[in-house]
Structure formats: C-alpha cells, structure tokens
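Structure record follows, encoded as structure tokens.
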Amino acid sequence: MSILSINGVHKTYQSGQTTFQALTDIHVEVEEGEIVVILGPSGSGKSTLLNAIGGIDAIDSGSIVVNKKNIGRLSDRELVDYRREDVGFVFQMYNLIPNLTVYENIELTANISRESMSIPEVIHAVGLSGMEERFPRELSGGQQQRVSIARAVVKAPKLLLCDEPTGALDSVTSKEILQLIEKVNKEFNTTVLIITHNQAIKSMANRVITLKDGKVESDFVNEHQTSAE
Ligand code: ADP
Ligand code: ADP
Numbered sequence: 001m002s003i004l005s006i007n008g009v010h011k012t013y014q015s016g017q018t019t020f021q022a023l024t025d026i027h028v029e030v031e032e033g034e035i036v037v038i039l040g041p042s043g044s045g046k047s048t049l050l051n052a053i054g055g056i057d058a059i060d061s062g063s064i065v066v067n068k069k070n071i072g073r074l075s076d077r078e079l080v081d082y083r084r085e086d087v088g089f090v091f092q093m094y095n096l097i098p099n100l101t102v103y104e105n106i107e108l109t110a111n112i113s114r115e116s117m118s119i120p121e122v123i124h125a126v127g128l129s130g131m132e133e134r135f136p137r138e139l140s141g142g143q144q145q146r147v148s149i150a151r152a153v154v155k156a157p158k159l160l161l162c163d164e165p166t167g168a169l170d171s172v173t174s175k176e177i178l179q180l181i182e183k184v185n186k187e188f189n190t191t192v193l194i195i196t197h198n199q200a201i202k203s204m205a206n207r208v209i210t211l212k213d214g215k216v217e218s219d220f221v222n223e224h225q226t227s228a229e
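Start counting the sequence shown at 1; every next residue gets the next number (the UniProt record's numbering).
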C-alpha cells in the first residue's frame, strides 16, 4: 500500500525581486514499511521537500498525499492533527525540551496524540530504561537522539521523518542510531524517510532517492542493502 505519494510538486522561494526554484516536478511513491533515504548535497531541496511532507511548509503546485490525506487540502485544524498524529519528526539537534525529564519529553507528545503507545514500552525499545528521570543536559548526544526517536514513535506515526538524524554524532553512535531506526521500522512497521547528505547512510535504505538542484536525479531500489550493524 502506498503511504506517501508525491505528484508533480513545485516549490519556489521569493527573495526580493528574484524567484528561486527549490523543487521542480517531484514525483515519488513510497510503500508502507519502506526505509527511504533522500540523498543530496546542501541546497538540493531536501529540507524543503521534508518540510512539505511534514505539513510545515506549503508547496506551489502538485500534491502530497500521506496516509490517504492530501496535505494541501487539509484545513488548519486538520493540519495540526496531521502533524501530531500521522508524522513523527527527528532532527539533527534533537530539539528536546531542556527543563523536562526524558519521561516528560516523551509524555508530552504522547498526551497530545489521540493514539499513543505505552511510554515505558517505548523507553525500553529505544534502550533508555533507567534514564527516565534524567534531563537532556545529563545525556550524551546519542542518548538525546534516542529520546527524540522515542518522542516521535510514541504517537505511533505512519511516517517517521528524519532530518540528518546522525549529523551531530560520531560514527559509532551514528551506527547505533541507524540500528535503532531500523528496529523501529521493523517492530512498529513505521515507514521511514531520512534526508541526509551523508553517502554512508544509503547502505541501510531499501530505496535511495537522489536530489540535485531541486529535481529527482535518481530513484532506485537498493539491492545491496545491508543492515546498519
Ligand atoms: P537542502 O536541505 O538540500 O540543503 P533546502 O531545501 O534547505 O536544501 O534548500 C533548497 C534551496 O532553497 C537552497 O538553495 C536554499 O538556499 C533555498 N531556500 C530554502 N529555504 C529558503 C527560504 N526560506 N527562502 C529562500 N530560499 C530558501
Ligand atoms: P539543512 O541543513 O537542514 O538543509 P538549512 O541550513 O539549509 O537546513 O536551512 C535551515 C533553515 O533555513 C530551513 O528552514 C530553510 O528553509 C531555511 N533556509 C535555507 N536557505 C535559506 C535561504 N536562502 N533564505 C532563507 N531561509 C533559508
């Protein structure tokens, strides 16, 4: 079943008198359960595309359908629900709330979502048992990223959107975080989209889409997929 359908998407940015074409005629289909890596150099349009899929930024034309919802046709109210329920976000810099504990950071998103998983179960799954009462500043970067993955996953999103999830981590910790993302994909059947400029990440994907100058340069099934292990 198709979980994400991107059809003829165009997006421009206006800056003073000049118009900049950030995305040109993007077509992408993602099936439920896939791990898709969107690869491309800085400025190729990755963030713009991810923000559009996440319902954060509007597109100029075309359509993005996630879990049968056409994002461009949602009311403001429906868009809020969409961001709360259907998609989970993982960022490079974790974006945890500093004065809330690990448990509270995860609880916060669980509480605003209609359908949420058991918090202890998710904490266990991401390997943070025993750290529930710690604050983000008392955790390593890798541990903070585990919290941010738990926070995204606890609301049982259909789609997990990851923006350079290992960008701030050393290579060993990066591997652990990628393994965790694979585990989430398998255990919770969450479709995963990762944007990155890091070529090393593509080996774990079952699909690799390359963006260049706002266009899809290539889109292929990764036959040499290896686990992040
Ligand atoms: P990437 O994530 O691949 O680095 P982005 O999607 O951030 O690429 O940016 C694509 C292009 O659009 C870049 O040239 C960037 O400078 C431009 N861009 C992104 N956001 C804006 C904005 N808010 N206003 C103007 N130009 C933007
Ligand atoms: P990333 O490293 O994730 O690609 P960027 O550093 O390209 O992110 O952009 C960070 C933020 O700044 C994004 O929200 C993007 O939309 C915005 N942005 C990027 N380029 C420009 C630009 N030329 N003008 C205004 N905003 C921009």
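For each residue, glycine too, the CB sits at the ideal point set by N, CA and C.
Of the listed residues the options, nearest to residue i (C-alpha basis)
i: His10; options: Ile194, Ile177, Arg137 and Lys215; result: Lys215
i: Asn95; options: Lys69, Val80, Pro120 and Cys162; result: Cys162
i: Ala200; options: Pro98, Met131, Gly142 and Gly167; result: Gly167
i: His124; options: Leu160, Glu187 and Val87; result: Glu187
i: Lys46; options: Ile195, Ile71 and Ile35; result: Ile195
i: His197; options: Thr191, Thr226 and Gln92; result: Gln92
i: Ser42; options: Glu217, Gln144 and Leu211; result: Leu211
Beta-carbon proximity check, residue i vs residue j, cutoff 9 Å
i: Leu39; j: Val221; result: no
i: Ile64; j: Ile6; result: yes
i: Leu193; j: Leu100; result: no
i: Met204; j: Leu169; result: no
i: Lys202; j: Val30; result: no
i: Glu138; j: Tyr103; result: no
i: Ile71; j: Glu34; result: no
i: Gly54; j: Val80; result: no
i: Val90; j: Ile149; result: yes
i: Arg84; j: Ser113; result: yes
CB-CB length for residue i against residue j, believed under 8 Å
i: Val184; j: Val153; result: 6 Å
i: Ile106; j: Val147; result: 7 Å
i: Gly142; j: Glu176; result: 6 Å
Spatial neighbours of residue i in its chain, beta-carbon cut-off 8 Å, leaving aside the 5 residues before and after
i: Gly127; result: Arg146 and Leu180
Proximal residues to residue i (C-beta, below 6 Å), its chain only, five neighbours per side dropped
i: Ile97; result: Asn105
### Query
Mind pulling the alpha helix (DSSP H) runs of 4 or more residues that sit fully within the segment 13 to 39?
For secondary structure counted as the alpha helix (DSSP H) over 4 or more consecutive residues, the segment 13 to 39 holds no complete run.
### Query
Quick one: complete alpha helix (DSSP H) runs, 4+ long, within the segment 174 to 226?
none
### Query
Which runs of the beta strand (DSSP E), 3 residues or longer, sit entirely within the segment 132 to 169?
159 to 163
### Query
At which residue ranges does the segment 44 to 93 contain complete beta strand (DSSP E) runs of 3 or more residues, listed in the order of the chain?
61 to 66 and 87 to 90
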